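Count along the sequence shown from 1, then add 449; that gives the number in my numbering. We put the beta carbon where it would ideally sit given N, CA and C, even for glycine. Remember, it's a predicted structure, so these values are computed and weren't measured experimentally.
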Amino acid sequence: MAVIFPQYAEADERALSVEERLKKIEDDFYPLVDGLCKGKGLGCARLLVQKFLAGLPEIADFAYRDAHALSETDPAAHSIEEIILAYPGFFAVVAYRIAHRLYIQDVPLLPRLLTEYAHQRTGIDLHPGAQIGHSFSIDHGTGVVVGETAIIGNNVKIYQGVTLGALRVDRDQRKKKRHPTVEDNVVVYANATILGGETIIGRNTVIGGNVWITRSVPAWSRVMFKPADNDEIMSIRAKQKAQSGR
Numbered sequence: 450m451a452v453i454f455p456q457y458a459e460a461d462e463r464a465l466s467v468e469e470r471l472k473k474i475e476d477d478f479y480p481l482v483d484g485l486c487k488g489k490g491l492g493c494a495r496l497l498v499q500k501f502l503a504g505l506p507e508i509a510d511f512a513y514r515d516a517h518a519l520s521e522t523d524p525a526a527h528s529i530e531e532i533i534l535a536y537p538g539f540f541a542v543v544a545y546r547i548a549h550r551l552y553i554q555d556v557p558l559l560p561r562l563l564t565e566y567a568h569q570r571t572g573i574d575l576h577p578g579a580q581i582g583h584s585f586s587i588d589h590g591t592g593v594v595v596g597e598t599a600i601i602g603n604n605v606k607i608y609q610g611v612t613l614g615a616l617r618v619d620r621d622q623r624k625k626k627r628h629p630t631v632e633d634n635v636v637v638y639a640n641a642t643i644l645g646g647e648t649i650i651g652r653n654t655v656i657g658g659n660v661w662i663t664r665s666v667p668a669w670s671r672v673m674f675k676p677a678d679n680d681e682i683m684s685i686r687a688k689q690k691a692q693s694g695r
């Protein structure tokens with residue numbers, strides 16, 4: 450994280466050059482991957498580390514675009530630095546970006562350890578196998594769950610408590626698409642639940658809070674939880690008066 454964002458660097462690391470930081474990552478990372486590469490032939494660990502380091506510029510590009518997406522849509526964000534240092538949703542997404550890179554390199558175990566660390570720290574559960582496009586933002590974030598086979602397009606924003614989950618959790622569903630697809634430019638508000646591998650939320654759609662969706666939604670749609678009718682809304686004082694007049 451500190452290579453991409455120097456703000457995360459420990460005091461003794463800030464004096465290091467980028468090359469020195471990369472070398473430190475390689476030295477720290479190699480023993481971890483080497484232990485996971487047993488039985489996969491000589492050079493496995495070194496190759497995985499080199500491929501991961503080669504992918505860091507792309508991870509950094511995605512991460513900065515994620516930060517800018519948050520800064521453009523959250524009026525409470527006063528600077529990119531604030532987002533990088535203080536936003537749990539951003540931390541979880543960057544951890545996912547790093548873990549996903551390892552996941553697609555078929556590194557065992559470590560991707561899940563990274564996202565579970567972020568899960569423990571932020572309350573946001575992003576599976577490293579999910580496919581998430583650029584400019585992705587999570588606002589507030591506590592309780593967000595994105596499953597292994599979910600696909601999320603570009604410029605998507607989700608709020609706290611959102612679940613992109615499976616309709617069934619049977620063991621025979623492994624290796625099958627179990628989680629929904631969310632296309633570009635979609636906003637999903639708090640506590641919405643979207644389930645199923647065949648469920649597609651079309652581009653430029655708004656999903657309101659607290660809805661439960663198990664079938665596809667066309668592009669340019671708005672799905673809202675049914676609001677209370679006006680005659681169902683009564684002030685507390687009016688209710689007290691009505692009760693006292695009995």
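**Message:** I'd like the list of long-range same chain contacts for V636, defined as Cβ closer than 6 angstroms, with 5 residues on each side in sequence excluded.
**Reply:** K606 and V655
**Item:** Beta bridge counterpart(s) of K606 as assigned by DSSP
**Value:** Per the DSSP secondary-structure output, K606 pairs in a beta bridge with S586 and V636.
**Any alpha helix (DSSP H) of 4 or more consecutive residues that is wholly inside the stretch 509 to 561** = Entirely contained in the stretch 509 to 561, the alpha helix (DSSP H) runs reaching 4 residues are, in chain order, 529 to 535 and 537 to 553.
**Request:** Note down the Cα distance separating R546 from I662, rounded to an integer number of angstroms.
**Result:** 27 angstroms
**Prompt:** With respect to the beta strand (DSSP E) encompassing L613, which residues constitute its N-terminal and C-terminal limits?
**Reply:** Per DSSP, L613 belongs to the beta strand (DSSP E) from T612 to G614.
**Item:** Where I656 falls: helix, strand or coil (DSSP)
**Value:** Residue state, collapsed to three classes: strand.
**Inter-residue Cα distance where the pair is A422 and A599** = Given that the chain is displayed from residue 450 to residue 695, the structure contains no residue 422 and the question cannot be resolved.
**Message:** Between which residues of its own chain and N634 is the CB-CB distance below 6 angstroms, once the five residues before and five after are set aside?
**Reply:** N604, R652 and N653
**Item:** Three or more C-beta pairs below 8 angstroms linking the stretch 641 to 650 and the stretch 608 to 620
**Value:** Yes, the stretch 641 to 650 touches the stretch 608 to 620.
**Request:** Rounded to whole angstroms, what's the CA-CA distance from D477 to I649? Just pull it up for me.
**Result:** Spanning the two alpha carbons is a distance of roughly 41 angstroms.
**Cβ-heavy atom distance, H568 to the ligand MG, below 8 angstroms** = Ligands are entirely absent from the displayed structure, and the ligand MG is therefore not among its contents.
**Message:** Using only the alpha-carbon positions, how far apart do D588 and Y608 sit?
**Reply:** 5 angstroms
**Asked** When DSSP builds the beta bridges, which residues end up paired with Q713?
**Response** As shown, the chain starts at 450 and ends at 695. That puts residue 713 outside it, with no answer to give.
**Asked** Taking the DSSP output, what are the residues bridged to W661?
**Response** T642
**Asked** With DSSP run on the structure shown, which of helix, strand or coil describes L465?
**Response** coil
**Message:** Using the three-state DSSP reduction, which class does T591 fall into: helix, strand or coil?
**Reply:** coil
**Message:** Nearest by alpha-carbon distance to G610: which of V631, D574 and R623 is it?
**Reply:** D574
**Message:** Going by DSSP in three states, D619 sits in which element: helix, strand or coil?
**Reply:** In the structure shown, D619 sits in coil (DSSP, three-state: anything other than H, G, I, E or B).
**Asked** Is I474 helix, strand or coil when you go by DSSP?
**Response** helix
**Prompt:** Can the beta-carbon of H576 be found closer than 9 angstroms to that of A541?
**Reply:** no
**Asked** So is G492 buried or exposed if we call it buried at 16+ other beta carbons inside 10 Å?
**Response** exposed
**Request:** Could you tell me which residues DSSP puts in a beta bridge with R671?
**Result:** Looking at the DSSP assignment, R671 forms a beta bridge with V655.
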